[in-house]
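Peer 1:
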Amino acid sequence: TGVIDLVIGAGEEQDVKEALIAYWALRCAGGALTKEAIDSAAAAFLRERFNLDIDFEVSDALAKLERLELIARDSERITALPPAEALAKLDARWDGLFKFASA
197 TGVIDLVIGA
207 GEEQDVKEAL
217 IAYWALRCAG
227 GALTKEAIDS
237 AAAAFLRERF
247 NLDIDFEVSD
257 ALAKLERLEL
267 IARDSERITA
277 LPPAEALAKL
287 DARWDGLFKF
297 ASA
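Here you go:
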């Protein structure tokens with residue numbers, strides 16, 4: 197079970213990294229970007245910073261950000277919420293994960 201936990205944990209960590217890189221690309225742009233522009237910015241970041249030449253999973257990253265309501269779409273253009281607003285949304289989501297009522 198240790199190996200399975202390690203593999204699952206690594207996969208979840210990779211998902212978080214993808215979403216963070218896409219969010220970073222959107223915030224650094226200072227405005228709306230297309231999906232293709234986000235993909236290019238993320239790939240360039242990984243290549244320049246870590247010498248990695250990979251196929252960035254932009255669709256997966258954007259799906260996660262959209263599910264968390266951290267991005268907004270206007271036709272083909274995508275923007276990221278400002279950090280304070282994004283953190284408030286994440287905090288509210290975290291607070292709502294577990295409802296406990298003592299008897």
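Heads up, this note's numbering is the position in the sequence shown plus 196, with the first residue counted as 1. Note that CB positions come from ideal geometry on N, CA and C, so glycine has one too.
Could you round the C-beta distance between Glu214 and Asp256 to whole angstroms and report it? I think they count as a contact, below 8 Å.
Peer 2: Sequence index remark: in the sequence shown, residue 214 carries index 18 (1-based). Sequence index remark: in the sequence shown, residue 256 carries index 60 (1-based). Yes, they are in contact, since the Cβ atoms of Glu214 and Asp256 sit about 6 Å apart, within 8 Å.
Peer 1: Which term fits Ala221, buried or exposed, when burial requires 16 or more other beta carbons within 10 angstroms of its beta carbon?
Peer 2: As a position in the sequence shown, residue 221 is number 25, starting the count at 1. Classification for Ala221: buried.
Peer 1: Below 8 Å between beta carbons: does that hold for Thr275 and Ala268?
Peer 2: Counting from one through the sequence shown, the residue named residue 275 turns up at place 79. Counting from one through the sequence shown, the residue named residue 268 turns up at place 72. In contact: Thr275 and Ala268 (Cβ atoms closer than 8 Å).
Peer 1: Comparing alpha-carbon positions, which option in Asp270, Glu244, Tyr219, Ile200 lies nearest Ile234?
Peer 2: As a first step, residue 234 must be located in the sequence shown, where it is residue number 38. With distances taken between Cα atoms, Ile234 lies closest to Tyr219.
Peer 1: Considering only the alpha carbon of each residue, which of Leu216, Thr230, Arg223 lies closest to Arg273?
Peer 2: As a first step, residue 273 is located in the sequence shown; it is residue number 77 there, counting from the start. Nearest option by C-alpha distance: Thr230.
Peer 1: Does the Cβ of Lys295 have 16 or more other Cβ atoms within 10 Å, making it buried, or fewer, making it exposed?
Peer 2: Here residue 295 refers to the residue found at position 99 when the sequence shown is read from its first residue. By the neighbour-count rule (16 or more Cβ atoms within 10 Å), Lys295 is not buried but exposed.
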